[in-house]
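Sequential numbering of the sequence shown, starting at 2, is according to our numbering. Beta carbons: idealized from backbone N, C-alpha and C, even for Gly. Structure record follows, encoded as structure tokens.
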Amino acid sequence: MRALVVLLVLLLGAMPCVAKIPEIPRFRIVGPSDGLPSTMVVAIHQDRAGYLWLGTLDGLVRYDGAGFRTWRHDPSDPASLPCNAIQALHIDALDRIWIGCGKTLSVMDAGRGHFRHYRTVDYPLMKDGEIYSITAFDGDIWAGTTTGALIRIDTSGAMSSVDLGAVDGDLDQAMVMNLAADNRQRLWIGTSSGLAYYDGKRLHRVYVPDEPNRQSAIFGLQWAGDRLWLGSESGLHVMGPDDQWPPLPWGTMFGTGNEFWGAVAAPDGEFWLGSGRGLWRTRGERPPVPAFSGEGALSRRNVIGLLGAADGGLWVPMHGTGLGYLPADWKRTAVLKPAVPTGDAIYCNLAPATRSGGLWQVDAEGRLLRVDPSTGDTFQTGLQSSQLKDMELVSALEDRLQRVWLGNLSFGLSRMDLRTGEFIHWPSDGPEPASALSAPDWIIEDGDTVWMAFIDMLQQRDLRSGRVLQRITQQDLHGLRDIAVQQLEQGPDGRVWVAGEGGMFAWDEASHQFVPVAGLEGTQIQAFASQSPEMVWVYRAVGAEQWKKTATRWVRVLQVGQADGLTGFDASAMRIDPRGRVWISSLRGLWRIDPSVTPTRLRNIGTRDGLTSQEFIQHCLLMAGDTLIGATSDGSTVLLDTAMPDIAPFVPALQLEHVSVLRNGARIALPMDRPFQLGPGDRQLQIVSRLLSYSDPLSNRYRSFLKGFDTEWQTSGNAGIREFASLPAGSYELTLQGVDPLGNRSQMRSLRFSVNPPWWRSDAGIALIFLLVLLLGALLAAAYRRRVRMRAQWQLAQHKRELAEQASLAKTRFLATLGHEVRTPMTGVLGMSELLLQTPLDGRQQGYASAIQSAGKHLLRLVNDALDLARIEAGKLPLDYRDFDLRQLIRQVAELVRPSAEQKQLAFACELDDALPPALHGDASRVQQILLNLLFNAVKFTERGSVSLRVAVAPQRPGQGIRIEVCDTGPGMSAEQRGRLFQRFEQAEGAVTLARHGGSGLGLAICRELAAAMGGAVTVSSELGQGACFVVELPLRWVSALPAVPASARATSPQAQAPLQLLLIEDDPTVAQVIVGLLQTRGHQVTHVLHGLAALAELSTRSFDAGLCDLDLPGIDGAALVTQLRARGVRFPIVAVTARADADAEPQAMAAGCNGFLRKPVTGELLAQALAGVLADAADARAARLATHGG
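Rendered as structure tokens:
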């Protein structure tokens, strides 16, 4: 900063109050760099909303303080502007905009939608002339053309005209150049041939008294300040409120070459005049002065179409430059440029001149100058010193002895006597030296001493001799926290105060120490200013603070910070004006704090208020009476009248500029005058508002509050844009407000809208979801009930199944036990009857024995059927699939059945299809059981006629299956009988059948179950009296070759067997007696033992050819016994003989080492066959071993 300082600050005592500051208007220019489409502005008006409308040579422009919107001619749009070169502009009471563009008069409605055109080709009353003037009068729109037409358009849009030639023939073809309506219901008409007015009924010709040419052209015509201003070829004329035209001595200056175009009355009684050579200012009879004097590019501009702003400001179109705005309080501030060169190293260029008033300055030649702040003029004092010429000054103080202390870069510290011109220097290498690092930034007088602050020390010197009394350095701070001083000045209590790190400190003369000021300790203080002995303002990084003194300490009573609009900056200086308002200079302009109003009002003064620079020099701010004086970095001196009243408060208009939303990737405009709705997928809702206050549009501030969303007011800076990325569904009301730099607040503006929820959150969606939930709940409840019911049913079924399985198992066990227990005595019955029949008996005895044997066999079949059903129910029916000879099986069955049929004198026929295969793969015994059951049933129920058996190939199954038909000529069956025929324990005629034919009712059920187990089926076709035909279809695989003959078949016949030595192990004496008897009748020697131990004893002494062993022996069972025997090396074949009926008995016996298996009861034939089979197998095995051994 020191490189900028060359001006001396000379304080000549207490400066008297500066009475006035220069009136130097400085306009804020809005030009192309701000977006102005054209600088050729011919007309300017303001609509009811507050927008500025500019008629330019390149279209119609609307200005809102932040941006421009332009309407231009579009050849493809007939409702667009008729041309771009606008000649006249007017806004009527209905807020309609009227445009004169060539030979067309156009109007745009208040909705700003489109233009309606009145073209000369369509309206002959316009006389094919161009429009140059438009105004409103008596509720109608009036326009004049270049061909002398004066037309009127009423509120309905109808056009009429007034004949100017009716009052004066000279006006018939005169160009209508200007129209102006006064406050007395008169329409003034300025033409190229003179002046006239219309009073609503007729025209009146008017001649200006001082106008030498009675037909002089009227260039300008304006009603302003209760006066009619008229510009003609001879100059400017003014008609007063009394309709008189007093002479203007200076009126001729606005003659040809400087034609008058318009006038505007200022709030303070002055008038602004626009002419061909610029802008002028006048009051009463005082000659006008040019407003742009000395401003170069702004002077001598053609000024057309002035507009007085609603806030008291002035809008001035400047051809080639743009649009100028002068605020209403422009007289508050003046900026003085240096009149003569002031050197290259300016630090602070201000010093009040006490006795003569004004300000002192020193130029580069060392001359002392006085500046008059009221005019800006500079006067020579005649004082000059070569030592001043080369001095680079930093600070200055004139003491009460009329000596000036100079902080400078040449000597460090100097003093000049204003009476003698004598200089004294205290360089850093001389006696009583100053700092070697810098000149003092602060110099103040304190009684008989002078205090000064250098960059590396503070010094207290004697006022008269300059001797150093105190030297405070970083090594000896005398109570300070740091040697860096932000401000050195007398405090409100008269003591020397130092602001810096640690807060505020005051010099205590008694202790020669700086002591903290109670309450003002803490963070760094950058500047302070005393308001009264009990009140002081300080500035810290957080903002400005007001402190009040109490009995013991200072207490903060007010804080103004960023929340109040005071942006964070470093303060250059602080002063307080006589009205208690605080002024703070900075690199961001000048700030004013007015604590007398609530809330505290702030104002920032910068380049938009007429300052040439907003960067104020450090420590360079003075308060001289009501005038604030400061210096800026461009070398200018700023004068500010603090006593001038602020602009009267007003309510600026806040307008919604644009409301839009992003929908499906495109930005959609939304209505601003009524509520609207947003969809659930809409994003980035944007609301743009404009505060139509033009004093400093970039300093306007906006705030908003969205009810239902915000918790406090949201500020949006000077952009006026509020954007919401997304909003939850609901109804909202957005409240907007703007505040201009003067603190004027707009009315609250509200915008209501709603955000629709997704369909599933809408009322209908919620209702639907609720119904769906109810339905789902009902379905779930039904499903749950169904599941519970099914589970209960399943549990019941499981329970029933378990009960059934338990019952079946119990039944199976019962039947197995019953079969076991029955088979054992049946062995005795059948065996004894067989033995009995082999003895000599008479005829009657023979019959009895045969009956016993027949009944025993029948009982055995019943037991076997019951056991088969039990196995079927348990799923344990064994099927032994092997290849078997089908034809042999059929022959065996026929041989068994034929005797029974012949006994009843029934014809029996057996037929085999030639296409049958030689063999089948299946369980031959079960096939035989089915055939026997069906055939014996047929024989049993047939009294006369025949029984036939036919075996054929199964139809529709080539290469697989057989079809068996068993037919009889019996009584037949009804449909009801057929329905229950295959049920267990059921017979065709129930008890009648049982009584007549006997039987258990299990045979057919077993046949059907056996067929189903082999994948087949049994059906019946029968009618009463027509006999019955049973059909069995078995899907058994065909075998092309006959099976090999088993070893048992190759064995010697039982009659030819040689006597054998046999071992019988049986615990039941009766069964043992029967088996022994049956075997002995065939010539065999049988040794019988009752249990396993006895068998082991016999085997230890004798050898046997074969053995028969019961599986259910006392002690060690038969299977375990056989296992031990095989382990001891016993090799003879053993046949297991058991009463067990379970399917596992035979595999277990064979696994234990048995060679054959027989179930009780047994017959001699069965025993002989079993022995023959096992002996043959044993012989084959021996032969195989011998062959292997021999090989």
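In the structure shown, K549 falls within a strand segment according to DSSP collapsed to helix, strand and coil. For H1092, the closest alpha carbon among the candidates E1099, E1067, I30 is that of E1067.
CA-CA distance, F272 to A266, rounds to 5 Å. If only uninterrupted beta strand (DSSP E) runs of at least 3 residues are considered, those enclosed by the stretch 579-653 are 583-587, 590-595, 602-606, 617-625, 628-633, 638-642. If the five residues before and after H115 are omitted, its C-beta is found closer than 8 Å to the C-beta atoms of A80, S81, M109, all from its own chain and listed in chain order. Taking C-beta atoms as the reference points, A1095 and L1112 fail to come closer than 8 Å.
E286 counts as exposed, since fewer than 16 other C-beta atoms from the protein chains shown sit within 10 angstroms of its C-beta.
Under the three-state reduction of DSSP output, W443 falls in the strand class.
The beta carbon of S217 sits closer than 6 Å to the beta carbons of S233, E234 from its chain, once the five residues preceding and following it are set aside; these are given in chain order.
Around the beta carbon of K941, 16 or more other beta carbons sit within 10 angstroms, so the residue counts as buried.
At least 8 Å separates the beta-carbon of A137 from that of A89.
At a Cβ-Cβ threshold of 8 Å, S162 and L180 do not count as neighbours. Apart from the 5 residues on each side of it in sequence, R420 sits with its Cβ closer than 7 Å to the Cβ of Q403 in its chain, given in chain order. The stretch 916-930 makes contact with the stretch 880-897: 3 or more CB pairs, one atom from each, lie closer than 8 Å.
W406 has L398, R416 as its beta-bridge partners, per DSSP. Beta-carbon to beta-carbon, S696 and G314 are separated by about 7 Å, close enough to satisfy the 8 Å threshold. Membership of I456 in any alpha helix (DSSP H) is not indicated, and neither H nor E is assigned to it by DSSP. Straight through space, the alpha carbons of R462 and V469 are spaced by roughly 4 Å.
Going by DSSP, N938 is part of the alpha helix (DSSP H) stretching over 925-942. Rounded to the nearest whole angstrom, the CA to CA distance from R762 to A564 is 40 Å. Counting every other CB atom within 10 Å of its CB across the protein chains shown gives T716 a total below 16, marking it as exposed.
Taking the Cβ atoms as the reference, G367 lies roughly 19 Å from L398, outside the contact range of under 8 Å. Runs of the beta strand (DSSP E) lying entirely within the stretch 702-788, each at least 3 residues long, are 702-708, 722-725, 731-740, 750-756 in chain order.
Counted as a single uninterrupted DSSP element, the alpha helix (DSSP H) harbouring R892 occupies residues 887-904.
Note that the stretch 485-504 touches the stretch 437-457; at least 3 beta-carbon pairs, one per stretch, sit closer than 8 Å. Between L629 and D578, the C-beta gap is smaller than 8 Å, which places the two residues in contact.
Cβ neighbours of G270 within its own chain (closer than 7 Å, five residues either side excluded): R284.
If you look at E966, you'll find it in the beta strand (DSSP E) that goes 961-969. It is roughly 37 Å from the alpha-carbon of C1030 to the alpha-carbon of A1140. Using a Cβ-Cβ distance cut-off of 8 Å, the stretch 930-946 and the stretch 888-905 are in contact, since at least three pairs of beta carbons, one from each stretch, lie closer than that value. Under the DSSP definition of a beta bridge, H659 partners with V689. The Cβ atoms of L172 and G195 sit closer than 8 Å to each other. Take the alpha-carbon of A292 and the one of T57: they are about 23 Å apart.
It is roughly 50 Å from the alpha-carbon of A310 to the alpha-carbon of A440. In the DSSP annotation of this structure, the continuous segment of the beta strand (DSSP E) that includes M575 starts and ends at 572-577. Note on G848: under 16 other CB atoms within 10 angstroms of its CB, so exposed under the neighbour-count rule.
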